[in-house]
Amino acid sequence: AQSVTQPDIHITVSEGASLELRCNYSYGATPYLFWYVQSPGQGLQLLLKYFSGDTLVQGIKGFEAEFKRSQSSFNLRKPSVHWSDAAEYFCAVGVFTSGTYKYIFGTGTRLKVLA
Amino acid sequence: DSGVTQTPKHLITATGQRVTLRCSPRSGDLSVYWYQQSLDQGLQFLIQYYNGEERAKGNILERFSAQQFPDLHSELNLSSLELGDSALYFCASSPPGRGFFTDTQYFGPGTRLTVL
Chain G
-6 AQSVTQPDIH ITVSEGASLE LRCNYSYGAT PYLFWYVQSP GQGLQLLLKY
44 FSGDTLVQGI KGFEAEFKRS QSSFNLRKPS VHWSDAAEYF CAVGVFTSGT
94 YKYIFGTGTR LKVLA
Chain B
15 DSGVTQTPKH LITATGQRVT LRCSPRSGDL SVYWYQQSLD QGLQFLIQYY
65 NGEERAKGNI LERFSAQQFP DLHSELNLSS LELGDSALYF CASSPPGRGF
115 FTDTQYFGPG TRLTVL
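So the sequences go chain by chain: G and B. First residue of the first sequence: -6, per my numbering; consecutive thereafter. First residue of the second sequence: 15, per my numbering; consecutive thereafter.
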């Protein structure tokens, strides 16, 4: 069965430090891949997505993600974190299975930023 | 502000009851998606409508149903409510595009449902 794993439930970084959030998926083919951010009390906002082509994807707010087929990973990175990046981050995959489209989300990584 | 509106913001009800959640998509968007976010199940895709017709179905229970009306607003109906249905329900909309996964979704602020 398809699944998405975000191994880090919580991550704490200092403002200005670099960030990497991990995401691994299980799917027989290359899925559509997404990263979303959810600020407290807010809905989700799409940061970036990967469908095909260049495996390094640029998103909004200075985020990027790299698709690594051999590792079934789609890790999110940011070179310098800002206090406003504190939020929960969700990795998701889009698959077509059993005749229907589905989104499968990871359990999320909560990011705390220290001043 | 994504432009997607959801009402009500909060809803408290009792087990066995039925509720209706409403979503108004962004102007020009034809697709509406429904999601459930709970502590137990995490974030789950429930169902998608495109221009009034069901297009994709995720982990939606048989006690739940949705529809999209001619003015493109959508309603999610939850019946025979159980304690475990307590969750945040999000609606998202997307403009007409190339395909199901390529269309960017814009999320509303959610409706928090509490079942007592």
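Beta carbons: idealized from backbone N, C-alpha and C, even for Gly.
Cβ neighbours of residue 77/B within its own chain (closer than 6 Å, five residues either side excluded): 93 and 94. The C-beta distance from residue 27/G to residue 42/G rounds to 5 Å, short enough to fall under 8 Å.
For the set 106/G, 70/G and 19/G, the Cα lying nearest the Cα of residue 62/G is the one of 19/G. For chain B, the residues of the segment 11 to 33 of chain G that bring a beta carbon within less than 9 Å of one of its beta carbons are 24, 25, 27, 29 and 31, in chain order. Residue 55/B counts as exposed, since fewer than 16 other C-beta atoms from the protein chains shown sit within 10 angstroms of its C-beta.
When only Cα atoms are considered, residue 123/B and residue 67/B end up about 24 Å apart.
Taking 9 Å as the threshold, the shortest C-beta distance from residue 104/G to chain B does not fall below it.
Listed by position along chain G, the residues whose Cβ is nearer than 8 Å to that of residue 16/B are 36 and 38. A contact between stretches requires three or more CB pairs, one per stretch, nearer than 8 Å, and the segment 72 to 82 of chain G fails this requirement with the segment 36 to 48 of chain B.
Exclusion of the five residues before and after residue 51/G leaves 57 as the residues of its chain whose Cβ lies within less than 6 Å of its Cβ.
Against chain B, the beta carbon of residue 95/G has neighbours under 9 Å at 59, 70, 71, 72 and 73, listed in chain order. Counting only runs that start and end inside the segment 25 to 63 of chain G, the beta strand (DSSP E) elements of at least 3 residues fall at 25 to 31, 37 to 43, 49 to 51 and 57 to 61. The CB of residue 100/G comes closer than 8 Å to the CB of 56 in chain B, given here in chain order.
Across the structure, residue 88/G and residue 100/B are spaced so that their CA atoms are roughly 27 Å apart.
Membership of residue 76/G in any beta strand (DSSP E) is not indicated, and neither H nor E is assigned to it by DSSP. A residue is called buried when at least 16 other Cβ atoms come within 10 angstroms of its Cβ; residue 61/B meets this threshold and is buried.
Between residue 130/B and residue 102/B, the gap from beta carbon to beta carbon reaches 9 Å or more.
Listed along chain B, the residues sitting closer than 7 Å to residue 87/G by beta-carbon distance are 115. The distance from the Cβ of residue 103/G to that of residue 66/G is about 20 Å, inconsistent with a contact at the 8 Å cut-off.
Using a 10 angstroms sphere on the CB of residue 125/B, the tally of other CB atoms reaches 16 or more, which defines it as buried. Close CB contacts of residue 44/G within its chain, under the 7 Å cut and outside five residues either way in sequence, are with 25 (chain order). Annotation: residue 38/B to residue 88/B spans about 7 Å, alpha carbon to alpha carbon.
Measuring C-alpha to C-alpha distances from residue 17/B to each of 99/G, 37/G, 76/G and 5/G identifies 37/G as the nearest.
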